[in-house]
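Asker: Position 159 (the sequence shown) corresponds to 1639 in this note's numbering; numbering is contiguous.
The beta-carbon is built from N, C-alpha and C at its ideal position, and this holds for glycine as well.
Every value quoted in this text rests on a predicted model; they were computed, and no experiment measured them.
Below is one structure. I have some questions about it.
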Amino acid sequence: MSEIVLKGVPAAPGIAYGPSFILDKGEFIVPKRAIAHSEINSEIARFEEAVNNARHEIQALKTKITKDMGVAHAKIFDAHLLVLQDATLIDEVTAGIKKNKLAAEYIFVKIIKKFVEAFTKLPDEYLRERAADVSDISRRVLKYLMDESKLHDLDSLQDDLIVVAHELSPSDAVSMYNKKIKGFLTDIGGRTSHTAIIAKSLGVPAVVGLKDATLKINNQDTVIVDGQKGLVIIDPSVETRDQYIKEQHKITANLEKLDDLKNLPAQTLDGKSVCIVANLELAAEVPVVRKYGAEGVGLYRTEFLYMNRLDLPSEEEQYKAYSEVARAMAPFPVTIRTLDLGGDKFISSVQIPHDMTPFLGCRAIRFCLERPDIFKTQLRAILRASVHGRIQMMYPMICGLGELRQANGILNEVKTALRDEKVPFDKQMKVGIMIEVPSAVMTAEALARESDFFSIGTNDLIQYTLAVDRVNEKTAHLYEPTHPAVLKMIQKTIDAGHNEGIHVALCGEMASDPLLAFLLVGMGIDELSMSAASILGVKRMIRSVKLQDAQRTAYEAMQLFTGQEVEEYIDVQLRKFLPV
Ligand code: PEP
Ligand code: MG
């Protein structure tokens, strides 16, 4: 069998090689089960019986719907019946069982995927939507071929697999924290979707936005994930496999070399220090953050504490989690971001309306201002934990001064209550804001006067500046961190913060790319916060360049007109300084 190469959006670096696992919640796990030559006829009979049963089931449904709702509504079942009577489908499965000596369900799924794929490519929208009907039919047939207990369940996920899913929510991804997943592949998603971010923090390679990987890949196919280039190779040839194994060894050797940098300062050759800190999703990641020598946590995404559960975390539980991180990171600072729900992050315990455009809807600070009960519980927990280390706090998605004052108003109420209760907290705790919306950039001077620090959230700032959905694979190519408009937004924020004498950090994914970090250092950023595994690569860059070279490069880059021009220019410049 010749190898197939799929191209998607690179989301987390590294290379993985292993068997695939198609994760489709509510779907059957269909193993690649071999059968003996003597079983071929019984396997075909089993398949024919399953198809017959499914047909009878649909026929019965059709009769019921016709009676209850009329002939028009029952018409859809005619299409389902037609598929099940399709001689090509039946013949192909029968031939497949004979030829490959594999179980009926495996061959059936493989062939049905080809049907679904053919439907999804049809120019007629109505016919394209029939792909969902074909999937529905396949579930009905599988029900008769398989044991219902083989239905997917995230908890039963085995180790050492490459997980392939149409869509993986951030909460699904984070629930894999303790499993030894080798890599992630998804049909949808962009480079900075939260699922991609979690893959990075799990330290596994990921490619997202593959469009139809779940159709092209079958369970237990051997696949290579190239997280750097955003490639997936199905059934790789021996040569390709060997080439990737070599590449993997090279990556490991390079990482080992970087290990020496762990305890060295992130300082340019001419003495400019840049604060290098880590992004954190779960308290359990602290040992990894320390291992890579982070000088603190620049972004603690607290919403993950609220996921994969039916209730809200209590004040006590949050207090414990925040204190644990603060203590483990002391004497370094920990920047706790208040709850950022909505967008692509949802929880079971609170119904957040699924807005038409969730990233523009009731998200982040907007949600907290609407639900002061939930917000106050978190603020109390953060303030109480602030005595256990160097905690600072920031609000996500502030759009203007009014919103900041409203949030601070609630914070002051909480502080007053704690004072009245004689509960200790750090009275000097710094309160900053994330700058991730153009309106915040445009009013940055005023915001800086009432904030202790800024942290630029470029993942969102890019999507809101360029009007490019960060989770949509169809527009992923338009998501350009080097777009001149984005660079101007960043520069304006840094200047506004510095004019008011406050610290300006950046905690979007941009910070973790040495090329872009070079530009940011030249633009005057004070702090870069990133996934722990990216720290040493960025530190290596900082220790190899002079501030004045970075400044000159940034100045020249800002005179260019397209994102591509900027990227090419900084690449050429950085190559002059970085050791090979
Ligand atoms: C950002 O938007 O850049 C950011 C760091 O926050 P998040 O990715 O959690 O939205
Ligand atoms: Mg954000």
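Does Asn1698 come out as helix, strand or coil in the three-state DSSP assignment?
Answerer: Coil at Asn1698, not helix or strand.
Asker: Distance, Cα to Cα, Leu1986 vs Thr1837?
Answerer: Cα-Cα distance, rounded: 26 angstroms.
Asker: Going by DSSP, which residues form a beta bridge with Asp1706?
Answerer: BP columns for Asp1706 point to Ile1495, Leu1711.
Asker: Going by beta-carbon coordinates alone, are Ile1484 and Asp1706 separated by less than 8 angstroms?
Answerer: Not closer than 8 angstroms, so no.
Asker: Would you say the stretch 1511-1526 touches the stretch 1737-1747, given that touching needs at least three Cβ pairs under 8 angstroms?
Answerer: Short answer: they don't touch.
Asker: Taking 7 angstroms as the cut-off, is the C-beta of Met1914 nearer than that to any heavy atom in the ligand MG?
Answerer: Flag set: Cβ of Met1914 near the ligand MG.
Asker: Only counting runs of 3 or more residues, tell me where the beta strand (DSSP E) segments fall wholly within the stretch 1483-1560, in order along the chain.
Answerer: Runs of the beta strand (DSSP E) inside the stretch 1483-1560: 1484-1487, 1489-1492, 1495-1503.
Asker: CB of Gly1776 to nearest heavy atom of the ligand PEP: below 7 angstroms?
Answerer: For the ligand PEP, not one heavy atom lies less than 7 angstroms from the Cβ of Gly1776.
Asker: Kindly provide the ranges of any beta strand (DSSP E) runs that are 3 or more residues long and lie completely inside the stretch 1729-1782, ordered along the chain.
Answerer: Listed in chain order, they are 1755-1760, 1777-1781.
Asker: Spell out the partners DSSP gives Glu2007 in its beta bridges.
Answerer: In the DSSP output, where bridge partners are listed per residue, Glu2007 has Cys1755, Ala1985.
Asker: Just to confirm the assignment, what range does the alpha helix (DSSP H) spanning Val2052 have?
Answerer: Val2052 -> alpha helix (DSSP H) spans 2043-2057.
Asker: Considering just the uninterrupted stretch of the beta strand (DSSP E) at Met1873, what are its terminal residues?
Answerer: Its beta strand (DSSP E) spans residues 1870-1875.
Asker: Using the C-alpha atoms, what's the distance from Thr1945 back to Ala2028?
Answerer: In the sequence under discussion, the amino acid at residue 2028 is Gln, which differs from the Ala named in the question. So the two alpha carbons sit approximately 29 angstroms from each other.
Asker: How about Gly1823 and Arg1843: do their beta carbons lie closer than 8 angstroms?
Answerer: Cβ atoms of Gly1823 and Arg1843: closer than 8 angstroms.
Asker: Check whether the Cβ atoms of Ser1471 and Glu1804 lie closer than 8 angstroms to each other.
Answerer: An answer regarding residue 1471 cannot be provided, because it is not within the stretch 1481 to 2060 covered by the chain.
Asker: Ignore the nearest five residues each way along the sequence and tell me which others in Arg1860's own chain have a CB closer than 6 angstroms to its CB.
Answerer: Excluding sequence neighbours, Arg1860 sits near Glu1795, Val1894.
Asker: Sort out for me which residues DSSP pairs Met2038 with in a bridge.
Answerer: According to DSSP, Met2038 bridges with nothing at all.
Asker: For the putative contact between Met1453 and Asn1759, defined by C-beta atoms under 8 angstroms, what is the C-beta separation to the nearest angstrom?
Answerer: A question about residue 1453 goes unanswered here, because the residues of the chain that appear run from 1481 up to 2060.
Asker: In terms of alpha-carbon separation, which member of Ile1577, Gln1747, Leu1665 lies closest to Ser1522?
Answerer: Measuring from the Cα of Ser1522, the nearest candidate turns out to be Ile1577.
Asker: Sorted by chain position, which residues of the same chain lie with C-beta nearer than 8 angstroms to Val1563's C-beta, five sequence neighbours on each side aside?
Answerer: So the list reads Leu1569, Phe1595, Asp1613, Val1614, Ile1617, once near-sequence residues are dropped.
Asker: Using the DSSP secondary-structure output, state which residues sit across from Pro1813 in a beta bridge.
Answerer: Partner(s): Arg1870.
Asker: Let me make sure I understand the geometry here. Which of Gln1943, Phe1508, Arg1807, Glu1901 has the alpha-carbon closest to that of Ala1763?
Answerer: Residue Arg1807 is the option with its Cα nearest to Ala1763.
Asker: According to DSSP, Ala1645 sits in a beta bridge with which residue or residues?
Answerer: According to DSSP, which records beta bridges pairwise, Ala1645 is partnered with Leu1503, Thr1666.
Asker: Let me know the secondary structure DSSP gives Phe1599 once reduced to three states.
Answerer: Three-state DSSP puts Phe1599 in a helix.
Asker: Could you check where the alpha helix (DSSP H) with Ser1919 kicks off and where it finishes?
Answerer: Element bounds for Ser1919: 1918-1922.
Asker: Using the Cβ count rule (16 or more neighbours within 10 Å means buried), how would you classify Val2042?
Answerer: The residue asked about is misnamed: residue 2042 is Thr in this sequence, not Val. Exposed is the call here.
Asker: Thr1543: buried (16+ other C-beta within 10 angstroms of its C-beta) or exposed?
Answerer: Classification for Thr1543: exposed.
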